[in-house]
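Chains as they are written, first to last, in the working numbering: chain A, 269 to 680; chain B, 5 to 292.
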């Protein structure tokens, strides 16, 4: 009996030793640094999930082919273990657990969307696994005091406040009237909070404040109100569906509004799906290829866009660009930490201060990037009907002059 | 003017809902199956029109092509799944169609991607009353086509042999079978006709709204509700209740705010369900 107990404890000890040693070697196997990522490859976010994955893969290939990551005098290459989270937050949290406790991953890349990042962040935080994420912009991610979460993108509340400030500026510094319609999800509601702040700051008045349902398909009632109350600015945020529905119905109902600002225009391929009807729409974007930020790996936005198109066959949306930037941040942090110790890497990430082709990156204590402003582009079409997105604000990067007010439908 | 605008928007929307609901009522009445995949069949019809649009064919032709394809999709679903559950408990058929719904969502996502898409009809807009009432022509077109299909279906059900057989089976399946009606064929045809109606509605939705693989459920819920209000086998009731629901939604949206639109639909559903609690306990019978 006693012998049995001794054998049992010996075997358990061996199992524990073996499993911990697997875990501690799993982060770096040979010359590979293994990162983990749960990405939406199926389900409702799968398009943007694939953009995210393509962005990650592009950066991994580029960094590996340009010498890899140098830590402790040795060169390492990046590798990523992907799992499909099926666009489901619960699944994403399970997969994060699996990546960390079974696969032994010690550094994570973020999933797509604020909702899924919110599901994963408590898990990475619990295990002290540094996560650099590129697609969760919700402000609530950065107010929870997470120590291991770093986002290369600007938070959601900054998406459209530039539009309000621009409208006030164009109105001779006088307050404007705002109509807004937002979907009821974490991201869109954060964008709404940003507008509320901007309205308060500028003394502007919100005259319509609608919340759009998730299965938003028809916003005719909101637009009837807009036609009646004639606001100076109409702001809409409801992901791709919101952008497409808004443009279709604004054109069909001939709603005249001096400024129309929205999110997710490039993901919705507005200019492609709606052509001239989308003209003059102002869109918030994390990145545009015409921006002149530079780094050693991708050079600049234009080169990145050309290389990306060569590899994947389409123009990179900002979701891909920011995902690529996340890998550049990890590489920089590993090299500065000169170690694979999670705490040291976390501290190095917190001290990040760099420029990438995607923008400047510097993290606030909450983990959000505070050194990269949002840009606004406007859809501009030529006589032949082909449309293009041109950056109009901030002025420093503007490649075209903002057309304001939007011409009336009867004059187009 | 706002009232008129909301009414007209609601009616045009409601007619489209009514078309989907009529298919559901038909199937429910004949086979006693509540089809949870109704909305997904609609979205699949929408993708047929969208793909025609992508290949340069005007999406309005989708209202001819989509029902033909969807009829056969419906027959296939019947042969593969529904005929195995048609004589079982209502709960089993709900589970089976729920499964079909999930399968369709995933397959559509796999085949067409998760992007929200739409087909542009280029139909322009009709302005009334000194531009105070605005009606997109695509919505008018949708309502018109829905009415045409509904009328054709009523005539077909009244005049054709199959239509009469369907009605006979709905009234009393056992008696119909004794009198020589091939109920199996009737069930398959009913499911096919329902899928075809969904195809028409889907094509119309792709040119009036947007489509997405996961957007089917709201259409299932609305058609379920219309059928509950109107009762089975009551086409004028379905049409009226469809339009009523459309107008109710637009007004709820306008008065309470868009965030309460779906909520008010659900609230109405609960109220009606409570009211009709007893009327729904209908004698169930099946024959294979």
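Cβ atoms here follow ideal geometry from the backbone N, Cα and C, with glycine treated the same way.
No experiment lies behind these values; they were computed from the predicted model shown.
At the 8 Å Cβ level, is residue 490/A part of the contact set with chain B, yes or no?
To locate residue 490/A, count along the first chain from 1; it is residue 222. Answer yes: the Cβ-Cβ gap between residue 490/A and chain B drops below 8 Å somewhere.
Proximity of residue 68/B and residue 201/B at Cβ, strictly below 8 Å:
Here residue 68/B refers to the residue found at position 64 when the second chain is read from its first residue. Here residue 201/B refers to the residue found at position 197 when the second chain is read from its first residue. No, these two residues do not count as a Cβ contact at 8 Å.
What in chain A is Cβ-close to residue 258/B, meaning under 8 Å?
Taking the second chain and counting its residues from 1, the one referred to as residue 258/B is at position 254. By Cβ distance, chain A contributes 489, 492 and 493.
Is it true that the region 528–539 of chain A meets the region 424–432 of chain A, where meeting means three or more beta-carbon pairs spaced less than 8 Å apart?
yes
Mind pulling the chain A residues with CB within less than 7 Å of residue 216/B?
Within the second chain, residue 216/B is the residue found at index 212, counting from 1. Residues of chain A passing the Cβ test: 509.
Using a beta-carbon distance below 8 Å, is residue 399/A in contact with chain B?
For the purposes of this step, residue 399/A is taken as the residue at position 131 of the first chain. By this cut-off, residue 399/A is not an interface position.
Residues near residue 126/B in its chain [Cβ-Cβ closer than 6 Å; skip 5 each side]:
The residue given as residue 126/B occupies position 122 in the second chain. Cβ neighbours of residue 126/B beyond the five flanking positions: none.
Tell me, to the nearest whole angstrom, how far the beta carbon of residue 303/A is from that of residue 391/A; I am working on the premise that it is less than 8 Å.
Taking the first chain and counting its residues from 1, one reaches residue 303/A at position 35. Taking the first chain and counting its residues from 1, one reaches residue 391/A at position 123. That belief does not hold up - the Cβ atoms of residue 303/A and residue 391/A are roughly 15 Å apart, past 8 Å.
Would you mind listing the beta strand (DSSP E) stretches within the region 423–454 of chain A that are 3+ residues and don't spill past its ends, in chain order?
445–451
If you run the structure through DSSP and keep just helix, strand and coil, what is residue 166/B?
Here residue 166/B refers to the residue found at position 162 of the second chain. Residue 166/B falls in the helix class under three-state DSSP.
Measuring alpha carbon to alpha carbon, tell me which residue in 565/A, 587/A and 557/A is nearest residue 574/A.
Mapped onto the first chain, residue 574/A falls at position 306. Of 565/A, 587/A and 557/A, the residue nearest in Cα terms is 557/A.
Are the C-beta of residue 226/B and some C-beta of chain A separated by less than 8 Å?
In the second chain, residue 226/B corresponds to position 222, counting from 1. No, because no Cβ of chain A sits closer than 8 Å to the Cβ of residue 226/B.
For a quick check, are the C-beta atoms of residue 418/A and residue 635/A less than 8 Å apart?
On the first chain, residue 418/A is found 150 positions in, with the first residue counted as 1. On the first chain, residue 635/A is found 367 positions in, with the first residue counted as 1. Cβ distance < 8 Å, so residue 418/A and residue 635/A count as in contact.
Tell me, please, whether the CB atom of residue 356/A is closer than 8 Å to any CB atom in chain B?
The residue labelled residue 356/A in the question sits at position 88 within the first chain. Chain B contact via Cβ: absent.
Residue range of the unbroken beta strand (DSSP E) whose run includes residue 621/A:
As a first step, residue 621/A must be located in the first chain, where it is residue number 353. Taken as a continuous stretch (DSSP letters only), the beta strand (DSSP E) holding residue 621/A covers 621–624.
Given residue 335/A, which residues of its chain have a CB within under 8 Å of its CB, disregarding the five upstream and five downstream residues?
In the first chain, residue 335/A corresponds to position 67, counting from 1. A distance below 8 Å between beta-carbons, with the five flanking residues on each side excluded, links residue 335/A to the following residues of its chain, in chain order: 343.
When the Cα atoms are used, what is the spatial distance from residue 621/A to residue 443/A?
Indexing the first chain from 1 puts residue 621/A at position 353. Indexing the first chain from 1 puts residue 443/A at position 175. Cα-Cα distance, rounded: 36 Å.
Element boundaries [alpha helix (DSSP H), containing residue 76/B]:
Your numbering for residue 76/B matches position 72 in the second chain. Taken as a continuous stretch (DSSP letters only), the alpha helix (DSSP H) holding residue 76/B covers 66–81.
Taking only beta-carbon atoms, is residue 289/A less than 8 Å away from chain B?
The sequence position of residue 289/A within the first chain is 21, counting from 1. In this prediction, residue 289/A has a pLDDT of 43, which is less than 50 and means its spatial position is unreliable; what the coordinates show is noted afterwards. No - not a single Cβ of chain B is within 8 Å of the one on residue 289/A.
Give the residues from the region 542–562 of chain A that approach chain B closer than 9 Å (Cβ to any Cβ), ordered along the chain.
542, 543 and 545
The alpha helix (DSSP H) spanning residue 234/B covers which residue range?
Here residue 234/B refers to the residue found at position 230 of the second chain. According to the DSSP assignment, residue 234/B belongs to the alpha helix (DSSP H) that extends over 221–234.
List the residues that DSSP assigns as beta-bridge partners of residue 496/A.
As a working mapping, residue 496/A is identified with position 228 in the first chain. DSSP output for residue 496/A lists no bridge partner at all.
Using a Cβ cut-off of 7 Å, pull out every chain B residue sitting near residue 512/A, in sequence order please.
For the purposes of this step, residue 512/A is taken as the residue at position 244 of the first chain. Within chain B, 120, 122 and 214 have C-beta atoms less than 7 Å from the C-beta of residue 512/A, given in sequence order.
Quick check: is the beta carbon of residue 9/B nearer than 8 Å to any beta carbon in chain A?
One-based indexing of the second chain puts residue 9/B at position 5. Residue 9/B has a beta carbon lying within less than 8 Å of a beta carbon in chain A.
Please list the partners that residue 17/B has in chain A, where partner means a Cβ-to-Cβ separation under 8 Å.
Mapped onto the second chain, residue 17/B falls at position 13. Below the 8 Å Cβ cutoff, chain A contributes 486 as neighbours of residue 17/B, in chain order.
Ignore the nearest five residues each way along the sequence and tell me which others in residue 171/B's own chain have a CB closer than 7 Å to its CB.
Indexing the second chain from 1 puts residue 171/B at position 167. 161.
For residue 79/B, which residues from the same chain have a beta carbon less than 6 Å from its beta carbon, with the 5 sequence-adjacent residues on both sides left out?
Looking up residue 79/B in the second chain gives position 75. Answer for residue 79/B: 192 and 196, listed in chain order.
In chain A, which residues lie with their C-beta within 9 Å of the C-beta of residue 13/B?
Here residue 13/B refers to the residue found at position 9 when the second chain is read from its first residue. Those within 9 Å of residue 13/B in chain A are 486, 488, 489 and 492.
Where does the unbroken alpha helix (DSSP H) through residue 357/A begin, and where does it stop?
On the first chain, residue 357/A is found 89 positions in, with the first residue counted as 1. Here the alpha helix (DSSP H) through residue 357/A covers 357–365.
Taking 8 Å as the threshold (beta carbon to beta carbon), is residue 521/A in contact with chain B?
As a working mapping, residue 521/A is identified with position 253 in the first chain. For residue 521/A, the answer is yes, since a Cβ of chain B falls inside 8 Å of its Cβ.
Residue 561/A - containing beta strand (DSSP E), residue span
On the first chain, position 293 is the one that residue 561/A refers to. That residue, residue 561/A, is in no beta strand (DSSP E); it is neither H nor E in DSSP.
State buried or exposed for residue 439/A, treating a residue as buried only when at least 16 other CB atoms are found within 10 Å of its CB.
Within the first chain, residue 439/A is the residue found at index 171, counting from 1. The residue in question, residue 439/A, is buried, as its Cβ has 16 or more Cβ neighbours within 10 Å.
Contact list for residue 481/A against chain B, beta-carbon separation under 7 Å
Counted from its first residue, the first chain places residue 481/A at position 213. Neighbours of residue 481/A on chain B, chain order: 262, 263, 265 and 266.
C-beta neighbour in chain B for residue 452/A, strict 8 Å:
The residue you call residue 452/A lines up with position 184 of the first chain. Judged by the 8 Å Cβ criterion, residue 452/A is in contact with chain B.
For chain B, find out if any of its Cβ atoms is closer than 8 Å to the Cβ of residue 414/A; answer yes or no.
Indexing the first chain from 1 puts residue 414/A at position 146. Output row for residue 414/A: interface = no.
Listing by chain order, which chain B residues have their CB less than 7 Å from the CB of residue 516/A?
On the first chain, position 248 is the one that residue 516/A refers to. What residue 516/A touches in chain B: 122.
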